[in-house]
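Novice:
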Amino acid sequence: MKKKLEREKELKKRVFLSVFSFIIVFALSWFNFVSEEIEKYIIFFIASFVQFYIGKDFYVSSLNALKNKIADMNLLVVIGTSVAYFYSFFSLFFPNLFPQNMRNLYFESSVAIITFLLIGKYLEEKARNKASSFIRKLLEIKPKKATILIDGKEIEIDADSIVYGDLIVLKEGDKVPIDAIVVDGKCELDNSAITGESLPVL
Numbered sequence: 517m518k519k520k521l522e523r524e525k526e527l528k529k530r531v532f533l534s535v536f537s538f539i540i541v542f543a544l545s546w547f548n549f550v551s552e553e554i555e556k557y558i559i560f561f562i563a564s565f566v567q568f569y570i571g572k573d574f575y576v577s578s579l580n581a582l583k584n585k586i587a588d589m590n591l592l593v594v595i596g597t598s599v600a601y602f603y604s605f606f607s608l609f610f611p612n613l614f615p616q617n618m619r620n621l622y623f624e625s626s627v628a629i630i631t632f633l634l635i636g637k638y639l640e641e642k643a644r645n646k647a648s649s650f651i652r653k654l655l656e657i658k659p660k661k662a663t664i665l666i667d668g669k670e671i672e673i674d675a676d677s678i679v680y681g682d683l684i685v686l687k688e689g690d691k692v693p694i695d696a697i698v699v700d701g702k703c704e705l706d707n708s709a710i711t712g713e714s715l716p717v718l
């Protein structure tokens, strides 16, 4: 769980850097803060940072997938953003390779794609960790000991040792150690741990 939380923290940092870069790139694109020539190179450096540092996990994951002969979403992301990035790179530094009307830059597109996908990955990781934490807490609620009835005698055993057919004895305040059917007696059970409500649910 510690590694998962560390990964979530790392993703959060990358999301912050990516969103910050995204805002700068689009602000430069929409507003004339600097000359167009300088603007191109600033956007290039920011896009390079996003593509190869912030988005490096996409490259690593896609390479690992290719080693296993699998084409997953990460490969599609790498192909899409790399095409946009390198087309823009060659258009910027080697414009003579393209006709005048094809010397376009798409650095903003690669930055935007990586940013939005990283946000999605972060939200997914956060939701998964919350679910894991909830399940772990549910498991902690389960009692470690249980009382069963054998030949009229109450015997305490490990809850994991209960087998089908055992008669479990529950007294006031006890926790139910396992799914079972009531064969004798009456009681009220607090189901708030299952429903997630803050107050007891009887």
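Going by this note's numbering, the first residue of the sequence shown is number 517, and it counts up by one from there. All C-beta atoms, glycine included, are put in the ideal place defined by N, C-alpha and C. These numbers were taken from a predicted model, which means no experiment stands behind them.
Report the option in Gly689, Pro693, Asp695 whose CA atom is closest to the CA atom of Glu704.
Specialist: Sequence index remark: in the sequence shown, residue 704 carries index 188 (1-based). Cα-wise, what sits closest to Glu704 is Gly689.
Novice: Smallest Cα separation from Asp706: which of Ile697, Ala696, Val692, Val699?
Specialist: On the sequence shown, position 190 is the one that residue 706 refers to. Checked all of Ile697, Ala696, Val692, Val699; the closest Cα to Asp706 is Val692.
Novice: Thinking just about the alpha-carbon of each residue, which of Lys669, Val627, Ala675, Arg652 is nearest to the one in Gly571?
Specialist: Counted from its first residue, the sequence shown places residue 571 at position 55. Residue Val627 is the option with its Cα nearest to Gly571.
Novice: Would you check if there are 3 or more beta carbon pairs closer than 8 Å linking the segment 629-643 to the segment 592-605?
Specialist: yes
Novice: Would you list the one or two residues that DSSP bridges to Lys661?
Specialist: Within the sequence shown, numbered from 1, the residue matching residue 661 stands at position 145. BP columns for Lys661 point to Asp674.
Novice: The alpha helix (DSSP H) spanning Ile558 covers which residue range?
Specialist: Reading the sequence shown from its first residue, position 42 is the one you call residue 558. From DSSP, the alpha helix (DSSP H) with Ile558 extends over 552-565.
Novice: What whole-angstrom Cβ distance do Lys520 and Asn645 have, given they're in contact under 8 Å?
Specialist: Indexing the sequence shown from 1 puts residue 520 at position 4. Indexing the sequence shown from 1 puts residue 645 at position 129. So it is a contact: roughly 5 Å between Cβ atoms.
Novice: Going by C-alpha distance, which of Phe610, Leu683, Asp573, Ile666 is nearest Met589?
Specialist: Along the sequence shown, read from residue 1 onward, the residue named residue 589 stands at position 73. Just measuring C-alpha positions, the residue of Phe610, Leu683, Asp573, Ile666 sitting nearest Met589 is Asp573.
Novice: Looking only at C-alpha atoms, which of Asp682, Thr663, Gly681 sits nearest to Ile673?
Specialist: Along the sequence shown, read from residue 1 onward, the residue named residue 673 stands at position 157. When each option's Cα is compared against that of Ile673, the closest is Thr663.
Novice: Identify the residues that DSSP records as bridge partners of Ile666: which are they?
Specialist: Within the sequence shown, residue 666 is the residue found at index 150, counting from 1. Looking at the DSSP assignment, Ile666 forms a beta bridge with Lys669.
Novice: Identify which residue in Leu613, Lys529, Ile562 has its Cα closest to the Cα of Glu624.
Specialist: On the sequence shown, position 108 is the one that residue 624 refers to. Among Leu613, Lys529, Ile562, the Cα nearest to that of Glu624 is on Ile562.
Novice: Look up Leu705 in the DSSP assignment and say whether it is helix, strand or coil.
Specialist: One-based indexing of the sequence shown puts residue 705 at position 189. If DSSP states are grouped into helix, strand and coil, Leu705 belongs with coil.
Novice: Can you check whether the C-beta of Ile554 is within less than 8 Å of a C-beta belonging to chain D?
Specialist: Any reference to chain D falls outside this structure, which holds one protein chain only.
Novice: Using the Cβ count rule (16 or more neighbours within 10 Å means buried), how would you classify Ser551?
Specialist: On the sequence shown, position 35 is the one that residue 551 refers to. The residue is exposed, with fewer than 16 neighbouring Cβ atoms inside 10 Å.
Novice: Taking the DSSP output, what are the residues bridged to Ile595?
Specialist: Counting from one through the sequence shown, the residue named residue 595 turns up at place 79. Paired residue(s): none; Ile595 is not in a bridge.
Novice: Count the other C-beta atoms from every protein chain shown that fall within 10 angstroms of the C-beta of Leu544, then say buried if there are 16 or more, exposed otherwise.
Specialist: As a position in the sequence shown, residue 544 is number 28, starting the count at 1. With 16 or more Cβ atoms within 10 Å of its Cβ, Leu544 is classed as buried.
Novice: Using 10 angstroms around the beta-carbon of Gln567, count the other beta-carbons present and answer buried if the total reaches 16, otherwise exposed.
Specialist: Against the sequence shown, residue 567 aligns to sequence position 51. By the 10 Å Cβ count, Gln567 comes out buried.
Novice: Could you pull the start and end residues of the alpha helix (DSSP H) that Leu495 belongs to?
Specialist: With the chain covering 517 to 718 only, the question about residue 495 has no answer from this structure.
Novice: What is the DSSP secondary structure of Leu621, counted as helix, strand or coil?
Specialist: For the purposes of this step, residue 621 is identified with residue 105 of the sequence shown, where counting begins at 1. Leu621: coil per DSSP, three-state reduction.
Novice: Is DSSP giving Ile635 helix, strand or coil here?
Specialist: Here the question's residue 635 lines up with position 119 in the sequence shown. In the structure shown, Ile635 sits in a helix (DSSP, three-state: H, G or I).
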